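Protein chains in written order, with UniProt numbering: chain A, 1 to 150; chain B, 1 to 150.
We put the CB at the ideal spot given by N, CA and C, even for glycine.
Keep in mind that this is a model prediction, so the values were computed, not measured.
There are 2 protein chains.
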Amino acid sequence: MKIEMEPIGYVRNEVKDRKDVSWGEDTSSIVLDSQYISGLKGLEDFSHVIILYHLDKAKYEKDKHLQRRPQNREDMPLVGIFSQRGKDRPNRIGMTSVKVVSVSEDTLVVKGLDAIDGTPVLDIKPYYPVYDKKDAAVPEWVDRLMEHYF
Amino acid sequence: MKIEMEPIGYVRNEVKDRKDVSWGEDTSSIVLDSQYISGLKGLEDFSHVIILYHLDKAKYEKDKHLQRRPQNREDMPLVGIFSQRGKDRPNRIGMTSVKVVSVSEDTLVVKGLDAIDGTPVLDIKPYYPVYDKKDAAVPEWVDRLMEHYF
Numbered sequence: 001m002k003i004e005m006e007p008i009g010y011v012r013n014e015v016k017d018r019k020d021v022s023w024g025e026d027t028s029s030i031v032l033d034s035q036y037i038s039g040l041k042g043l044e045d046f047s048h049v050i051i052l053y054h055l056d057k058a059k060y061e062k063d064k065h066l067q068r069r070p071q072n073r074e075d076m077p078l079v080g081i082f083s084q085r086g087k088d089r090p091n092r093i094g095m096t097s098v099k100v101v102s103v104s105e106d107t108l109v110v111k112g113l114d115a116i117d118g119t120p121v122l123d124i125k126p127y128y129p130v131y132d133k134k135d136a137a138v139p140e141w142v143d144r145l146m147e148h149y150f
Numbered sequence: 001m002k003i004e005m006e007p008i009g010y011v012r013n014e015v016k017d018r019k020d021v022s023w024g025e026d027t028s029s030i031v032l033d034s035q036y037i038s039g040l041k042g043l044e045d046f047s048h049v050i051i052l053y054h055l056d057k058a059k060y061e062k063d064k065h066l067q068r069r070p071q072n073r074e075d076m077p078l079v080g081i082f083s084q085r086g087k088d089r090p091n092r093i094g095m096t097s098v099k100v101v102s103v104s105e106d107t108l109v110v111k112g113l114d115a116i117d118g119t120p121v122l123d124i125k126p127y128y129p130v131y132d133k134k135d136a137a138v139p140e141w142v143d144r145l146m147e148h149y150f
């Protein structure tokens with residue numbers, strides 16, 4: 001079963017190469033395809049949105065990525081791809097909750113998006129705390145992994 | 001530009017028709033395709049996961065869905081599709097953070113997934129609070145909309 005999607009727009013920012021840390025200060029513009037512009041109506045009333053994007057530069061290879069150590073770090077455990085947020089995953093969908101900086105006619109400006117310049121965007125969803133915010137427990141390695149991420 | 005995806009597995013539960021409320025008590029099994037089974041390793045150490053799925057029964061029509069009132073309720077404002085979580089959206093990706101009930105060889109059992117039986121699953125991501133949990137502000141209509149959702 002094949003599922004087909006098309007970008008609704010693209011990420012524009014100063015990040016030209018992928019990186020594993022320090023995404024917190026980057027500001028990105030999401031420039032929408034003209035047919036979707038009026039879908040932004042009302043977004044300025046939200047403080048945060050969730051961006052779903054296509055990790056088009058990633059390459060999932062079963063033998064290398066179905067199980068791996070996060071960021072290939074020796075101090076991380078060997079876990080499955082569905083137990084980590086790594087980019088080389090089946091279907092290569094990235095997902096990040098970011099702060100809304102501004103909304104103009106065809107462009108949404110956000111802070112903290114960990115996607116490089118030119119990344120195709122698949123969806124924008126408003127962040128609903130009652131739906132998205134969880135008091136979740138994680139294994140101890142996650143806090144070590146995320147230490148310098150933002 | 002076309003982006004192709006394939007399901008990594010399917011939702012199995014007792015919900016045969018879509019609904020707008022009371023998803024909180026439903027338990028769902030996500031049965032993985034055999035090639036992805038070992039990708040679940042380590043997931044039992046997380047309390048919550050994020051499920052991305054293909055809303056295959058939804059139909060996005062620009063004139064009806066690019067702007068609409070959430071759940072078509074008269075007491076909701078007219079907002080763009082990217083300012084709401086409605087299912088009839090471009091690319092039809094659904095996304096929900098759910099509680100992990102159990103992980104077995106090829107099946108992840110979760111609670112609170114708002115997807116009907118047979119829904120194709122696109123990705124499973126562990127919930128990282130430092131990454132996903134936001135103190136977000138929303139317009140007042142969101143709290144009214146979500147009152148009986150779970």
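Less than 8 Å divides the Cβ of residue 111 of chain B from the Cβ of residue 98 of chain B. Against chain B, a Cβ distance below 8 Å from residue 144 of chain A picks out nothing, because the smallest value is about 11 Å. Of all residues in the region 117-131 of chain B, the ones placed with a Cβ closer than 9 Å to any Cβ belonging to chain A are 120, 122, 123, 124, 125, 126, 127, 128, 129, 130 and 131, in chain order.
With respect to chain B, the C-beta atom of residue 83 of chain A has a partner C-beta closer than 8 Å. Using beta-carbon distances, residue 4 of chain B counts as an interface residue toward chain A, with a partner under 8 Å.
For residue 71 of chain A, the nearest beta carbon of chain B is not closer than 8 Å to its own beta carbon. Secondary structure at residue 65 of chain B: helix, using DSSP grouped into helix, strand and coil. Taking the CA atoms as reference points, residue 138 of chain B sits about 12 Å from residue 131 of chain A. Taking a 10 Å sphere around the C-beta of residue 134 of chain B, we find 16 or more other C-beta atoms and assign the residue as buried.
When Cβ-Cβ separations below 8 Å define contact, residue 28 of chain A makes no contact with chain B. In the three-state reduction of the DSSP assignment, residue 36 of chain A falls in the helix class, which pools H, G and I. Residue 1 of chain B counts as exposed, since fewer than 16 other C-beta atoms from the protein chains shown sit within 10 angstroms of its C-beta.
Per DSSP, reduced to three states, the secondary structure at residue 143 of chain A is helical. In the DSSP assignment, the residues bridged to residue 124 of chain A are A:51.
Neighbours of residue 48 of chain A across chain B, judged by C-beta separation under 7 Å: 134 and 136. Look at the beta carbons and you see the region 3-17 of chain B touching the region 80-100 of chain A: at least three pairs across the two are nearer than 8 Å.
Secondary structure note for residue 131 of chain B: its alpha helix (DSSP H) is the uninterrupted segment 129-132. Between the C-alpha atoms of residue 40 of chain B and residue 75 of chain B there is a straight-line separation of about 42 Å. At a C-beta separation below 7 Å, residue 41 of chain A has these neighbours in chain B: 67, 79, 80 and 83.
Counting along the chain, residue 138 of chain B sits inside no beta strand (DSSP E), nor does DSSP assign it H or E at all. Taking 8 Å as the threshold, the shortest C-beta distance from residue 13 of chain A to chain B does not fall below it.
At least one CB atom of chain A sits nearer than 8 Å to the CB of residue 52 of chain B. Comparing alpha carbon positions, the residue from B:70, B:114 and B:96 closest to residue 144 of chain B is B:70.
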